[in-house]
Amino acid sequence: MTKDAEEKKTEGERAVDNREVPSTEVEATNDAVANNQNGAFQVEPMELPPFEITAGDRIDPFVFKFQFKNVEYSSGRNKTFLCYLVDKGNTTDGLLRGYLEDEHTGPHAEEAFFIQCLPLYDPALKYTVTWYVSSSPCSACAAKIAEVLKARNNVKLSIFAARLFEWEEAEIQDGLRALHAAGCKLRVMKPLDFSYIWDTFVENEEQPLNLWEDCKENYEYYHEKLADILQRLVGTLLYVVKMASRRASMFWN
Ligand SMILES: [Zn+2]
1 MTKDAEEKKT
11 EGERAVDNRE
21 VPSTEVEATN
31 DAVANNQNGA
41 FQVEPMELPP
51 FEITAGDRID
61 PFVFKFQFKN
71 VEYSSGRNKT
81 FLCYLVDKGN
91 TTDGLLRGYL
101 EDEHTGPHAE
111 EAFFIQCLPL
121 YDPALKYTVT
131 WYVSSSPCSA
141 CAAKIAEVLK
151 ARNNVKLSIF
161 AARLFEWEEA
171 EIQDGLRALH
181 AAGCKLRVMK
191 PLDFSYIWDT
201 FVENEEQPLN
211 LWEDCKENYE
221 YYHEKLADIL
231 QRLVGTLLYV
241 VKMASRRASM
251 FWN
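Under the UniProt record's numbering, think of the first position of the sequence shown as 1, with each following residue one higher.
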C-alpha cells in the first residue's frame with residue numbers, strides 16, 4: 001500500500017482499518033480489557049454479535065486494493081474478505097450479493113457464509129454460489145466446505161481466489177484437492193476478475209480500477225501453482241487406493 005493510501009485511510013477513520021495489522025489489534029484488545037477491568041468501559045455481553053464477522057454491501061476502495069492485491073507474500077493480510085453472489089434459481093428471491101470480512105482470531109468468513117448468508121437451506125432449490133475471496137481457504141475451512149458440498153449436492157460453488165493461502169503446506173494442498181473432489185470449482189483471479197469485483201463489490205465512486213503493475217504476472221504464478229496442486233489429485237487417489245488394497249491384503253492374508 002502506498003503512503004498516500006495509508007494517510008487517506010486514516011483520514012477516513014474506517015472502522016475496519018485498524019484491524020489490518022496484528023500489532024494494532026493486540027493493543028486495541030488489551031486497551032479494551034484494561035478499561036473493562038477498571039470499570040471505565042463496560043460491554044453488555046448480550047450486545048456482542050455472535051461472530052466477529054463484518055458483513056456489508058460494498059468494500060472500502062483502499063481496503064480492497066490492499067486486501068485483494070495478489071502479491072506473492074501476503075504480509076499484514078491476516079484476514080479473509082469474501083464477496084458472494086447467490087442465485088437460488090427462483091425469480092422471487094433474485095440474486096443475493098454482499099461481502100463478509102473475518103478476524104484472524106474468530107470464525108473464518110467461509111464458515112460464516114453458510115451460517116449468515118445461507119441459514120435457511122431448501123433442498124428443492126438449486127443454489128449457484130460464487131465467491132471472490134482475497135485468499136484461498138485454510139485446510140479446516142476447505143474440509144468444512146467439502147462436507148457441505150457433499151451433503152448438499154444442489155449447491156454448486158465456484159471459488160475465485162486472489163492469492164493461494166500457504167500453498168506450500170501439504171495439508172493446505174490436501175484441502176484444495178478435497179474441495180476440487182467435492183465438485184467445487186477453484187480458480188485464481190485473473191486481472192479481469194479484479195475489475196469485476198471492483199465494479200460489483202467496491203465503493204468505487206464510478207472510477208475504474210487501475211490494476212497494479214504485476215497483477216497479470218502474479219495471476220500466472222498462482223494459476224500455475226493451483227494447477228500443479230490439483231493435477232496431483234489423480235496421483236493421490238491412485239496412491240490411496242493402492243495403500244488401502246495393500247492394507248486389506250495384509251489383513252486378509
Ligand atoms: Zn479458514
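Where is the CB? At the ideal position from N, CA and C, for every residue including glycine.
This one's a predicted model, so the numbers in the text were calculated from it and none came from an experiment.
Residue j beta carbon less than 8 Å from that of residue i
| i | j | result |
| --- | --- | --- |
| Cys141 | His108 | yes |
| Ala55 | Gly98 | yes |
| Leu164 | Tyr222 | yes |
| Ile115 | Val133 | no |
| Ile53 | Asp102 | yes |
| Arg85 | Cys117 | Residue identity differs from the one stated: residue 85 is Leu in this sequence, not Arg. It is not a contact, given that the beta carbons lie outside the stated cut-off. |
| Leu176 | Phe194 | no |
| Leu157 | Val129 | yes |
Where the beta strand (DSSP E) through residue i begins and ends
| i | result |
| --- | --- |
| Ser136 | Taken as a continuous stretch (DSSP letters only), Ser136 belongs to no beta strand (DSSP E), as it is neither H nor E. |
| Tyr84 | 81-87 |
| Gly98 | 95-101 |
| Ala161 | 155-163 |
| Leu186 | 185-188 |
Separation of residue j from residue i, as counted between CA atoms
| i | j | result |
| --- | --- | --- |
| Ala146 | Phe81 | 19 Å |
| Ala227 | Ala124 | 34 Å |
| Ser87 | Tyr121 | Here the sequence assigns Asp to residue 87, which means Ser is not the residue at that position. Cα-Cα distance, rounded: 13 Å. |
| Ser245 | Gln231 | 23 Å |
| Val71 | Cys215 | 8 Å |
| Pro137 | Trp167 | 10 Å |
| Trp131 | Lys79 | 15 Å |
| Lys144 | Glu111 | 8 Å |
| Gly12 | Pro119 | In this predicted model, Gly12 has a pLDDT of only 36, less than 50, meaning its place in the structure is not dependable enough to derive any value. |
Contacts around residue i, its chain only, beta-carbon distance under 7 Å, and the 5 residues preceding and following it disregarded
| i | result |
| --- | --- |
| Asp57 | Gly98 |
| Asn154 | Pro123, Leu125, Lys126, Tyr127 |
N-terminal and C-terminal residue of the alpha helix (DSSP H) that residue i is part of
| i | result |
| --- | --- |
| Gly56 | From DSSP, Gly56 is part of no alpha helix (DSSP H) but of the beta strand (DSSP E) over 54-56. |
| Lys65 | 61-67 |
| Phe194 | 191-201 |
| His180 | 170-181 |
| Glu110 | 109-112 |
Sequence-distant residues of its chain with Cβ nearer than 6 Å to residue i (five each side left out)
| i | result |
| --- | --- |
| Lys190 | Tyr219 |
| Gly183 | Leu149 |
| Ala151 | none |
Discussion item. For the pair the region 164-171 and the region 200-208, tell me if three or more CB-CB distances fall below 8 Å.
Written reply: The region 164-171, when compared against the region 200-208, does not touch it at the 8 Å Cβ threshold.
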